[in-house]
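What follows is a set of notes on a single structure, which appears directly below.
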Amino acid sequence: MMATSLVLVVAEFLPPSLLPSMAASLGISEGQAGQAVTATALVGLVTAPTIGMLFPRLERRTLLSLLAVAATVSNVAVAVSPNLVTLLIARLLLGAAIGGFWAMSLAVAARLSAPEHVGRAVMLVNTGTTLATVAGVPLGIYLGSIYDWRTVFGGVAVVTLIVAVALRVVLPPVPPAATTGFRVLGETMRTPGLGRGLTGHVLTVLGHFAAFTYIRAALARTPELNEAGVAWLVIVFGFGGFVGNLVVGSLVDRHLRLLRFLVPFGIGAGIGGLALFPGQIWLVGVLVALWGFAFGSWLTVAATWIARAVPARMEVGGGLLVAGFQLAISVGAALGGLLVDGAGVGPALGVAAVCAVVGGLLFGTAKQRVPELGDRG
């Protein structure tokens, strides 16, 4: 599942790496080609909370494999797309595959692991996503410098098909959860504390993307940083995220209650620090690393919380978590753009930091139905 999440998210982030060649080949602008990412995120928002309900009786190992096959078909269709319309339709299929896989993989990881190791299991699956986020764009740029963009998508399709087969062979059978259906979605949303926690989750992720979408502009406010320095700090952010996922993943099963506050506050502190202290290069480096460390572990913390909030309805809960993530990506990037254009980078970072901190307060104070290990009562 870690390998599958890696190749799916690499495919999601390939267009930003290959925009110039894609746009030139299809006879469109780079802005139009960039809508391939928007289309992927929007359909993932719809698919994530409904995938289990659309296939209530399908064995989950098979479902995960079929979603990977759908991503394979999408990548092949992109590779042979003659125009923008075909490209966007193909990317809609990828968005459905990614949204469905994210939601279902969290539920499957929770069901295959012992209750005391849910956080660690989620961390392992999330490692693939973290690696893809760190390496996806650089890998796409490198491959695009050697091969035609269509060849790159074709190669990713082959790798995706391989992991689809491996999923079917390696995973044990996972029967569908008994609690699936659209009625259950409404019942789950009424779980005490769930709405508060999900709102905090959306605000935290929204704050991150309102700032991260414009990270190059934010780092450009440091006079000593040239383009190479900015690129290195983006790498520092990604490496911090990889380390954060591993470290927090090893602690989250026993210290979830504390981490529900610390991780979003870490995101807010990193972003807010960049807004307040843009001129101190050493401090900027520390803040970027802190921001990356915190955000890289966020999905692990959020998924562990949802597994304890609705342990019997993890398929629905995981879907809601992923849908909230996709919604926050779209709204956060748009909000950040409006703030950057209207007020400047500094105020945009400040608003993003406030969103993350308020999100952390809501998320951290949401009810947790199942005590963490070591808690009394």
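Each step along the sequence shown adds one to the number in the numbering used here, with nothing skipped, and position 79 is 79. Beta carbons are placed, not taken as given, at the ideal position from N, Cα and C, and that holds for glycine.
Determine, using beta carbons only, whether residue i and residue j come nearer to each other than 9 Å.
| i | j | result |
| --- | --- | --- |
| T304 | D253 | yes |
| V316 | V248 | no |
| N126 | L299 | yes |
| A269 | L290 | yes |
| G364 | G200 | yes |
| L233 | V288 | yes |
| L6 | G99 | no |
| G318 | S105 | yes |
| L84 | A33 | yes |
| A294 | L338 | no |
| V174 | S65 | no |
| P192 | E59 | no |
| A210 | V351 | yes |
| L203 | A356 | yes |
| A366 | G197 | yes |
| T151 | A97 | no |
| G240 | G292 | yes |
| L87 | L171 | no |
| A68 | T4 | yes |
| L8 | A132 | yes |
Under a Cβ-count criterion, where at least 16 other Cβ atoms within 10 Å of its own Cβ denotes burial, should residue i be classed as buried or exposed?
| i | result |
| --- | --- |
| W102 | buried |
| A24 | exposed |
| R57 | exposed |
| P49 | buried |
| L194 | buried |
| G344 | exposed |
| E224 | exposed |
| I146 | exposed |
| N75 | buried |
| G52 | buried |
| V169 | exposed |
| L259 | buried |
Since residue i and residue j are thought to touch, with beta carbons under 8 Å apart, how far apart are those beta carbons, to the nearest angstrom?
| i | j | result |
| --- | --- | --- |
| G360 | P264 | 3 Å |
| G207 | A323 | 18 Å between Cβ atoms; not a contact. |
| S297 | L42 | About 26 Å separates the two Cβ atoms, so there is no contact after all. |
| W149 | L18 | 4 Å |
| F55 | T130 | Not really, about 28 Å apart at Cβ, beyond 8 Å. |
| T72 | T188 | Actually they do not touch by this definition, with Cβ atoms about 31 Å apart. |
| V340 | A348 | 5 Å |
Helix, strand or coil: how does DSSP classify residue i here?
| i | result |
| --- | --- |
| P173 | coil |
| Q280 | coil |
| F293 | helix |
| M1 | coil |
| V345 | helix |
| Y142 | helix |
| N126 | helix |
| S113 | coil |
| D148 | coil |
| L225 | coil |
| F13 | coil |
| R57 | coil |
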